[in-house]
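Colleague:
Numbering (this note's numbering), first residue to last: 1 to 155.
1. Check whether the segment 32-39 and the segment 48-57 touch, using three or more Cβ-Cβ pairs below 8 Å as the test.
2. Give me the residue from 115, 73, 127, 11 with the minimum Cα distance to residue 171.
3. DSSP three-state label for residue 136, please.
4. Assess contact between the segment 79-96 and the segment 106-116, defined as three or more Cβ pairs (one per stretch) separated by less than 8 Å. Is contact present?
5. In chain order, what residues of the same chain have a beta carbon less than 8 Å from the beta carbon of residue 53, not counting five sequence neighbours either side?
6. Just reading off the alpha helix (DSSP H) that residue 82 is part of, what are its end residues?
7. Is any non-hydrogen atom of the ligand GDP found closer than 8 Å to the C-beta of residue 51, if you look at the structure I gave you?
8. With respect to the alpha helix (DSSP H) encompassing residue 91, which residues constitute its N-terminal and C-terminal limits?
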């Protein structure tokens, strides 16, 4: 079993690796139109990247929106928005997704946020529930995929 590390993606190379994983998971696997996968929020978001320890192969990514960028999604400046969480198929089941979520939560704490919201694809509700997120609101479509809003308070 391979080991991996998760880090904030601050270099151009790291951010490019995040976009490669997102394209593989969302555009290729799930059929999300590429023109809506990448958005204006990418420039100001905090991106995290999971890479295989031995060779730096990108395994997963996610992003955190905060402040004004998150306000439309969360309704509260003190609540961040976790999004674009993607784990490459060969890395699923290794704990990469959990590590990415926890890293994003830590980034939110560092920015003084009190909670994190996300829009979970309905097939992933159990994953986020196990991590302490609670569903609220009705199901809705995003990119043609059923989602539910979820939130977890940070302590």
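Idealized CB from N, CA, C, for every residue including glycine.
All figures in this text were calculated on a predicted structure; none of them were measured in a lab.
Modeller: Looking at the atomic coordinates:
1. Because the criterion of three Cβ pairs below 8 Å is not met, the segment 32-39 and the segment 48-57 do not touch.
2. The requested residue 171 is not part of the displayed model; the chain covers only 1 to 155.
3. Strand, per DSSP.
4. Result yes; three or more Cβ-Cβ pairs closer than 8 Å.
5. 2, 3, 4, 5, listed in sequence order.
6. Taken as a continuous stretch (DSSP letters only), residue 82 belongs to no alpha helix (DSSP H), being part of the beta strand (DSSP E) at 79-87.
7. The ligand GDP is not part of this structure, which contains no ligands at all.
8. Residue 91 -> no alpha helix (DSSP H), and no H or E assigned at all.
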